[in-house]
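> Would you mind keeping the following structure in view while I ask a few things?
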Amino acid sequence: MDKIKLTELTVNTVIGIWDWEKRNPQKVVFDIEMSTDISKASKSDSIKDALDYKAISKRVKQYPSRKPV
54 MDKIKLTELT VNTVIGIWDW EKRNPQKVVF DIEMSTDISK ASKSDSIKDA
104 LDYKAISKRV KQYPSRKPV
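In this text, residue positions in the sequence shown follow the numbering used here: the first is 54, and each later residue adds one.
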């Protein structure tokens with residue numbers, strides 16, 4: 054297995070239960086390490102076989118905005 058890392062992925066989101074916390078979004082920084090097999094992408098040299106970092110980053114950034122944490 055190969056490891057892919059996304060580091061310092063920053064999201065502003067609401068964290069907390071108090072009203073003042075809910076009014077002031079806070080910065081959350083994610084460091085993500087994923088295990089995957091990249092052999093197909095390295096052999097084909099095709100972007101369609103590669104891991105889509107942009108889609109993963111977008112999904113991670115959208116998750117906290119769904120509801121307060």
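Beta carbons are placed, not taken as given, at the ideal position from N, Cα and C, and that holds for glycine. Just so we're clear, the structure is a prediction, and the values are computed from it rather than from any experiment.
Less than 8 Å between the C-beta atoms of Val67 and Lys75, yes or no?
Taking 8 Å as the Cβ cut-off, Val67 and Lys75 qualify as a contacting pair.
> Would you mind listing the beta strand (DSSP E) stretches within the stretch 60 to 91 that are 3+ residues and don't spill past its ends, in chain order?
DSSP runs (the beta strand (DSSP E)) wholly in the stretch 60 to 91: 79 to 89.
> Any idea which residues DSSP pairs Lys58 with across the strands?
According to DSSP, Lys58 bridges with Glu86.
> My guess is that Ile85 and Leu62 are in contact by the Cβ rule of under 8 Å, so how many angstroms apart are they, rounded?
Contact holds; Cβ gap of about 7 Å.
> Rounded to a whole number of angstroms, what is the C-alpha to C-alpha distance between Val82 and Val64?
So the alpha carbons of these two residues sit roughly 6 Å apart.
> Would you grab the beta carbon distance between Ile91 and Asp55 for me? Rounded to a whole angstrom, and I think it's under 8 Å.
Confirmed, about 5 Å.
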